[in-house]
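Enquirer:
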Amino acid sequence: MLGTVIGMIETFQAITVFGTGDPKQMAGGISQALVTTMLGLIFAAPLLAMYTLLSEKVSEILQEIEEFVAVTIVKKVK
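Laid out in C-alpha cells, this is it:
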C-alpha cells in the first residue's frame, strides 16, 4: 500500500511541477504504484489462503475439545 501511495504522490508532483504532466514522469510514478500493488497481491493472496486453512483447522480442533469436555462433564455428573 505504501509503495502505491508513494508512486501516486510522485505522479501528482510531476503534474504540479510540469503543468499538465510530463508523460515520462507520470509513467514512472504510475509504474511504481502498479509494481508495488502487484507485489502486495502476490504476497497477500497465498497468505490469505493459508490463514483461511489455519482458521478452519483451529475451529475443528476447538469443536473436538468442546465435545470432549462436554462428554467428560456428563460422565463425571453420572
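At position 66 of the sequence shown the residue is numbered 71 (the working numbering), and the sequence of numbers has no breaks.
In this text, a Cβ means the ideal position worked out from N, Cα and C, and glycines have one as well.
For L44, collect the residues of the same chain with a Cβ closer than 8 Å to its Cβ; drop the 5 residues on either side in sequence, then sort them by chain order.
Expert: As a working note, residue 44 is residue 39 in the sequence shown. So the list reads G8, once near-sequence residues are dropped.
Enquirer: Could you tell me whether the stretch 11–29 touches the stretch 49–56, using the rule of 3 or more Cβ pairs below 8 Å?
Expert: They do not touch, by the three-pair rule.
Enquirer: What span of residues does the alpha helix (DSSP H) with G12 cover, start to end?
Expert: Counting from one through the sequence shown, the residue named residue 12 turns up at place 7. Looking at the DSSP string, the run of the alpha helix (DSSP H) that includes G12 is L7 to F23.
Enquirer: Using the C-alpha atoms, what's the distance from V22 back to G33?
Expert: Locating residue 33 in the sequence shown gives position 28, where the first residue counts as 1. Locating residue 22 in the sequence shown gives position 17, where the first residue counts as 1. Between G33 and V22, the C-alpha separation is close to 15 Å.
Enquirer: Give me the Cα-Cα distance between A19 and I47, rounded to the nearest whole angstrom.
Expert: Translated into positions along the sequence shown, residue 19 becomes position 14. Translated into positions along the sequence shown, residue 47 becomes position 42. Approximately 28 Å between the Cα atoms of the pair.
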